[in-house]
Amino acid sequence: DFSHLGTRCELKNMNSFRFIQQAIEYEARRQIEILEDGGSIDQETRLFDPVKVETRSMRSKEDAHDYRYFPDPDLLPLEVEQAWIEEIRATLPELPDEKRARFETDYGLSRYDAGVLSADAEKASFFEDVAKGRDPKLAANWVTQELFGYLNKQDIELADSPVSASSLGGLIELIANDTISGKIAKDVFTRMIEGEGEASDIVEKHGLKQVTDTGAIEKIVDDIMAANPDQVAQIKEKPKTMGWFVGQVMKASGGKANPKAVNDILKAKLGL
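If you count by my numbering, then the sequence shown holds residues 234 to 505, one letter each, in order.
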C-alpha cells in the first residue's frame, strides 16, 4: 500500500530531458500549492505544454482498474530455477563495471579513461591489444585522444580504423624508448593514417629519429648562445627567455632533439 506517498499524476507529451525536468518542476509546484491550500490531488493524466511550460488535465483515472492492469491470459507462468540463474551468472563475460575497475587497478588509468575504454567491448579489446607489454597510460592517451578523436571526426567505426592495434602499439613503443618525441609521433601517426605503413618504417624512411646525442645538442645550443648574446645576458632577469631558447634549439634540430635533453643542457649552460 503506497497511499501514504500521496496521489500520483501521469505526465505525457515530453520528448526531451529538458521538457521532463520542466514538467516535473511545474507539477511539483502545482501539487504543493494545492496541498498547502487544503485541497487534494486528483489521480489523472496530464498533458505537458512546452510552449506555456505547464501541465493541464487530459483525463481522470479513478483507480487501478482504469489502467487495465490484469494478467495476460495467453502467457503461461514462468518458473526460473535458481541453478539456471547461477549457471548464467558463472558464464557471464566480464561486465563493464568490473572491466573499468580492473583498468584502474591493473593499468593505473584515471576513472574517466577507464570508463571510456570499458563502456564498449570492442574499444576495451582494442585498448588492451595496444597496451599489452607497453606503457598503459601512454596507450590510453593515444587510443582515446588521437585515434578515437580522428575516427569520430571522420565518422569512421573502430572496426574500419586505418591504424590497427598492433600498429598503434608499435608507434607507442617508439615514443616510450625515446626513438621519437611525442610531437614527431603525431606526424608519424598522420602518415600511418595515410597508408605509409608501420611507424618504424616511416621513421626510418623520413629520418625522423629523435636526436639524443648530447654532443650534437650541445653544439646547437652553443651556436644559438653565441649568436644571441643579448638573450643570454637577459636570462637571469627574464626566465621566460628559456622558452625562446628551447624553441630555437628545436627549430635548428628540425624538431628532432630530445626535449628533456634540450632543457637539461640549456639549464646547465645558462646557469639556471
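Built from N, CA and C at the ideal position, the CB exists for glycine as well.
- DSSP places Ser358 in the helix class (H, G or I) of the three-state scheme.
- Secondary structure of Ser290 (DSSP, three-state): strand.
- Pairing Ser414 with Leu325, the inter-Cα distance amounts to about 42 Å.
- Spatial neighbours of Glu406 in its own chain (CB-CB distance under 7 Å, excluding positions within 5 residues in sequence) are listed in chain order as Arg367.
- In this structure, the CA atom of Ala449 is about 23 Å from the CA atom of Ile468.
- Judged by their CB atoms, Ile453 and Ser400 are not nearer to each other than the 8 Å cut-off.
- Annotated as proximal: Val363 and Gly402, with beta-carbon spacing under 8 Å.
- DSSP places Asp434 in the helix class (H, G or I) of the three-state scheme.
- A direct Cα-Cα distance of roughly 17 Å separates His439 from Asn491.
- About 38 Å separates the beta carbons of Arg292 and Glu312, which is beyond the 8 Å limit, so they are not a contact pair.
- Counting only residues of its own chain and dropping the five nearest sequence neighbours on each side, Leu384 has a CB closer than 7 Å to the CB of Leu391, Ser394.
- In terms of Cα proximity to Ile498, the closest of Asp455, Glu361, Trp477 is Asp455.
- A check of alpha carbon separations from Phe422 across Ala323, Val396, Thr288, Lys356 identifies Val396 as the nearest.
- In the three-state reduction of the DSSP assignment, Asp275 falls in the coil class, being assigned neither a helical nor a strand state.
- Contact between the segment 457-467 and the segment 425-434 is absent: fewer than 3 CB-CB pairs across the two stretches fall below 8 Å.
- Note on geometry: alpha-carbon atoms of Arg289 and His237 lie some 25 Å from one another.
- Between the alpha carbons of Glu266 and Asn374 lies a gap of roughly 53 Å.
- Taken through DSSP and simplified to helix, strand or coil, Leu342 comes out as coil.
- With respect to Leu371, Ile408 sits close: the two C-beta atoms are nearer than 8 Å.
- Between Arg333 and Ser351, the C-beta gap is smaller than 8 Å, which places the two residues in contact.
- For Glu312, no alpha helix (DSSP H) run applies, since DSSP gives it neither H nor E.
- As the crow flies, the alpha-carbon of Asp330 is around 28 Å from that of Ile253.
- In the displayed model, Asp411 falls within coil according to three-state DSSP, outside both helix and strand.
- Per DSSP, the beta bridge partners of Lys245 are Leu280.
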